[in-house]
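Protein sequences appear in the order of chains F and D.
If you're matching positions, the first sequence starts at 626 in the numbering used here and goes up one per residue.
If you're matching positions, the second sequence starts at 3 in the numbering used here and goes up one per residue.
Quick notes on the structure that follows.
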Amino acid sequence: MESRRNPRAVVDPKVRQVGFFTSSQPDSTHPIASDSTSSPSRNSLSPPPRLPRRRLPDAFPGGVSRDLLMLPGVGMDSMAAAKSSSVPPSGLTTVSVVNMPPPGLSGIISCLYCVLSAEGGKAPLVSSGSVASANYDDESRVVKAKRRAVVKQTEAKNRVELFRHLPQYEHGTQLPDLETKFFLLDPMHPAVYKVGLQYLSGDISGGNARCIAMLQAFQEVVKDYSTPPEKTLNRDLTAKISSYVSFLIECRPLSVSMGNAIRFVKNRIAKLPIMLFESEAKAALQSDIQRFISEKIVAADKAIVRHAVTKIRDGDVLLTYGSPSAVEMVLLQAHELRKKFRVLVVDSLPKLEGQLLLRRLIKRGIDCTYTHINAISYVMHEVTKVFLGASSVLSNGTVYSRVGTACVAMVASAFRVPVLVCCEAYKFHERVQLDSICSNELGDPNVISKVHGRGGINYLDGLTNNANLQFLNLMYDATPSDYISMIITDYGMVPPTSVPVIVREYQKEHLLV
Amino acid sequence: MGLLTGLMDFLEKADGNSSSRNFLEKATEKNKKNQKSMWRRSASFILDRSSNSPPMADTTQNPDAISAYYQTRAAHHGVITSDWLAQAQAAVEQPDSSVSDLGAEKSFNVIDEFNGWRKQPDLAEAVAAIRAMAAVIRASEATTMMELEIELKKASDTLKSWDKTSISLTAGCDLFIRYVTRTSALEYEDFNSAKSRLLERAEKFGEISCKARKIIAMLSQDFIFDGCTILVHGLSRVVLEVLKTAAQNNKLFRVLCTEGRPDGTGVLLSNELSKLDIPVKLLLDSAVAYSMDEVDMVFVGADGIVESGGIINMMGTYQIALVAHSMNKPVYVAAESYKFARLYPLDQKDMAPALRPIEFGVKIPAKVEVERSARDYTPPQYLTLLFTDLGVLSPSVVSDELIQLYL
């Protein structure tokens, strides 16, 4: 297999080699490179990153050099695509389609065989978990998804290599287009469409709000649903929900809270007894969804508040970051209970979510101080406790939350200030994440090129398309469990090491319910 | 002569402190006015100055604001000071007034019963509580399970509020109530048999407690090797059992025990150990770091084990754990599983204060405050292993057990 390896003379500085792989560029890609113009997302200067290459066993018929992706399904797609269309998944050097054997069942099966047998030899990629199941550096999948897409997002031109596996779109370009389509879209339920547009424009943000909006839209869907003839309610409704979910993903990638809620809904649909009449089934589903909202979100928030206010003492100085809904409720309740404390609201560009929280706290008469995240090491010495919210808590105790949270937690632990994370149990997830890279969300890159509040200043205006400058607007980050003192959930106050226990108990409850 | 000059210096310093205090007060006030309380210095510091007396007194039904739990421990240990006697006298006279407003005769009996049981030196707090609750069941005139449950809940609340500082008391009561509610939900049988089953269970609890100590002693034998040096702090009956069993198994080891002021646990422990022919060395509390080099492991008991996996124990445990941790010596905690409590202290002051009288041997000037807390909290990162009747656990398992028990 030595012929396959061509050591590259020059390492392109832009290509950051992520993960484990050998350094070589197969010459089989050259014929493909010329077709790369069809994909607007690729700069000629920055070939996409290489996924780990595997040495294929010699048993492969034809002895063809080929690099296959991890996912057998994708392998099949690429085969099929190469066979059928003249638009190959271009530019992606990891799928080379030269010298294909006659495609057919045997080809596909042997392809699968290679994938499975070669799996032992490769280094594992960090799995992105169930939330982001599509790797966006996989061209074929992206092309397929785009064909089915309702929202035609334009991809950003200039992307950071390290985050190529995440979708990055230009924001603000599709809204007018979608608004006109509102009455034309047959397959899409208007409630879901509305929620999708609200996500897209940023009207609804925050794990709880997004989840509740989505669930309420699903309630409408169920209400208006009628089983088509020759189909069962379970399967058809599940398929419909899946299509709505992919629409929502196109508007904005799912948060973990939404993912868990969708799993719950699909679970309930699947568990519906077949003998039920359609109206009864629909009523049962709607009440289930309502129960989920009221038990897992609303009641959970109340329980969290109950536990958290016991930790607030007179004379406390509490620091909070961003605008977490759970923490806001805790602070308001503590104020109701006449506890004497003051709040330090830390905020960051570009979203400036802290200002919303600040407004609401001031209205109730709580003493507040407002600052930006650059100043936390300056103010941390007078803080007695830090309250943070979370988008999700993972099985190893890592808190996945708004970008900047990890900084706040780290500075707090350096000053030995206890960090309390308030998170409902339905947001817990059994996956494990070690860094903020493998699973994240990229926001609109253009907002970071502007200075907030001073429209006249735009030094970076002409540079958005410059090949040497890439904008990176991350939305989430992962805080390691060492910085967290306690997690407050509706199950009580637990140390970060107990999250897998709660996930386990939670699953059990789900099955019983 | 030397003592007097020492005292004079001490008093002067106290005065000096107060004058510097005044200065600080003025400075902070000016600060406040200038900056509109925008950048107050650490708020707790201000509170200490502004409020004349930090909330020290435990103003519940327990009179004199002295932790009854630690008083009892002191009584067990036989350290009786004149101060304590006077307060105990006062305490004995007060319960009538505080308890009578609860109305029912039963609650009066509960506290009495409980006090009666807890005086026995070999009985754990939680067991005393459960025996008191068993007495409530016996004396109860309820005819349905529901009524009985309500009575028990009332008795448990009374006990808990009478001594807020005792963790094993709270934990024991909670456990028993949990057991009651669980079984009554499952069995729909005859009320009398259910009642007798509850009584049986309560009686058994006492046995379980003694058995627990034996289990713990057996589990910890593997960790005591020949020729090792063990540092012990406080007088825990469980740790004593561990050491007794090790001696019976003919292990060669020696024990360093801290003096354990103000309870004087060191002397008591050394008495017990010398009866077993275990070589004992007494240390001053301040000599722990000095001797830590020659120590192989630290053994302590616990008054309570909290949800984070940390322990609440006699004052001084945190210090010893810190020193041991920095010198890479393992810290082992031996405690029964009914001491697991649903508390989660964030720092030392986050618990209900448990105060006890401290004798210095000489008269202290009136203006001088004394830190009278009887216990401290050791965070889980300084503990190596917990020996419980559930097995040898790491600190993070405590929360697991609690979640499974209370969910």
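From the three backbone atoms N, C-alpha and C, an ideal C-beta is built for every residue, glycine too.
Residue i classed as buried or exposed, judged by whether at least 16 other C-beta atoms fall within 10 angstroms
| i | result |
| --- | --- |
| GLY268/D | buried |
| GLN73/D | buried |
| GLN1132/F | exposed |
| MET1118/F | buried |
| PRO854/F | exposed |
| LEU404/D | buried |
| GLN406/D | exposed |
| ILE68/D | buried |
| VAL756/F | For VAL756/F, the predicted structure reports a pLDDT of 39, less than 50, and the residue's modelled location is therefore unreliable. A value from the coordinates is still provided. It is buried - the Cβ of VAL756/F has at least 16 other Cβ atoms within 10 Å. |
| VAL847/F | buried |
| MET317/D | buried |
| LYS277/D | exposed |
| SER583/F | Absent from the model: residue 583/F. The displayed extent of chain F is 626 to 1138, so no value can be given. |
Continuous beta strand (DSSP E) stretch holding residue i: start and end
| i | result |
| --- | --- |
| LYS156/D | Run containing LYS156/D: none in the beta strand (DSSP E); it sits in the alpha helix (DSSP H), 147-164. |
| ARG789/F | Per DSSP, ARG789/F belongs to no beta strand (DSSP E) and is neither H nor E. |
| SER1026/F | 1024-1027 |
| CYS876/F | Unbroken run through CYS876/F is the alpha helix (DSSP H), 858-876; no beta strand (DSSP E). |
| GLY393/D | 393-395 |
| PHE255/D | 255-260 |
| ILE217/D | It is not in any beta strand (DSSP E) - ILE217/D instead sits in the alpha helix (DSSP H) that spans 193-222. |
| LEU233/D | 230-235 |
| CYS1047/F | 1044-1047 |
| TYR334/D | 333-336 |
Alpha-carbon to alpha-carbon, residue j and residue i
| i | j | result |
| --- | --- | --- |
| ALA128/D | LEU345/D | 16 Å |
| LEU787/F | VAL1072/F | 20 Å |
| GLY884/F | LEU974/F | 27 Å |
| ALA1037/F | THR145/D | 56 Å |
| VAL234/D | LEU258/D | 6 Å |
| GLU314/D | ASP305/D | Note that residue 314/D is Ile in the sequence shown, not Glu. Cα-Cα distance, rounded: 6 Å. |
| PHE362/D | ILE1062/F | 60 Å |
| PRO359/D | PRO347/D | 24 Å |
| ASP224/D | ASP279/D | 20 Å |
| GLN989/F | LEU957/F | Note that residue 989/F is Arg in the sequence shown here, rather than Gln. Approximately 8 Å, taken between the alpha carbons. |
| PRO878/F | ARG239/D | 58 Å |
| ILE139/D | LEU150/D | 7 Å |
| LEU385/D | VAL1124/F | 21 Å |
| SER867/F | ALA842/F | 13 Å |
Cβ pair residue i, residue j closer than 7 Å
| i | j | result |
| --- | --- | --- |
| LYS907/F | ASP939/F | no |
| CYS876/F | TYR818/F | no |
| GLU845/F | VAL942/F | no |
| LYS253/D | ILE226/D | yes |
| THR945/F | ILE894/F | no |
| ASP1115/F | ALA1015/F | no |
| ASP287/D | THR260/D | yes |
| GLY303/D | VAL241/D | yes |
| MET1005/F | PHE1053/F | no |
| ASP834/F | VAL820/F | The residue you asked about is not Asp; residue 834/F is Ala in the sequence shown. No; because the gap between Cβ atoms is not below 7 Å, this pair is not in contact. |
| VAL333/D | VAL300/D | yes |
| LEU1019/F | MET1111/F | no |
| ALA1031/F | ASP1086/F | no |
| VAL1042/F | VAL1076/F | no |
| ASP378/D | GLU338/D | no |
| SER1002/F | GLY831/F | no |
| GLU309/D | SER401/D | yes |
| SER1106/F | GLY1029/F | no |
Boundaries of the alpha helix (DSSP H) in which residue i is found, first to last residue
| i | result |
| --- | --- |
| ASP913/F | 903-917 |
| ARG985/F | 979-988 |
| THR319/D | 319-328 |
| LEU840/F | 832-848 |
| LEU285/D | From DSSP, LEU285/D is part of no alpha helix (DSSP H) but of the beta strand (DSSP E) over 282-285. |
Chain D contacts made by the segment 1096-1119 of chain F, where a contact means CB separation under 7 Å
SER1110, MET1111, TYR1116, GLY1117, MET1118 and VAL1119
Under 7 Å, CB to CB, which of the residues in the segment 386-404 of chain D have a partner in chain F?
SER398, SER401 and ASP402
Using a Cβ-Cβ cut-off of less than 8 Å, give me the residues of the segment 319-350 of chain D that come near chain F, in sequence order.
ARG344, TYR346, LEU348 and ASP349
Check each residue of the segment 1122-1136 of chain F: if its Cβ is closer than 8 Å to any Cβ of chain D, include it; give the result in chain order.
THR1122, SER1123, VAL1126, ILE1127 and GLU1130
Contact set between the segment 303-320 of chain D and chain F, restricted to residues whose Cβ is under 9 Å from the partner:
GLU309, SER310 and GLY311
Select from the segment 942-976 of chain F all residues with a C-beta closer than 7 Å to any C-beta belonging to chain D, and list them in chain order.
VAL942
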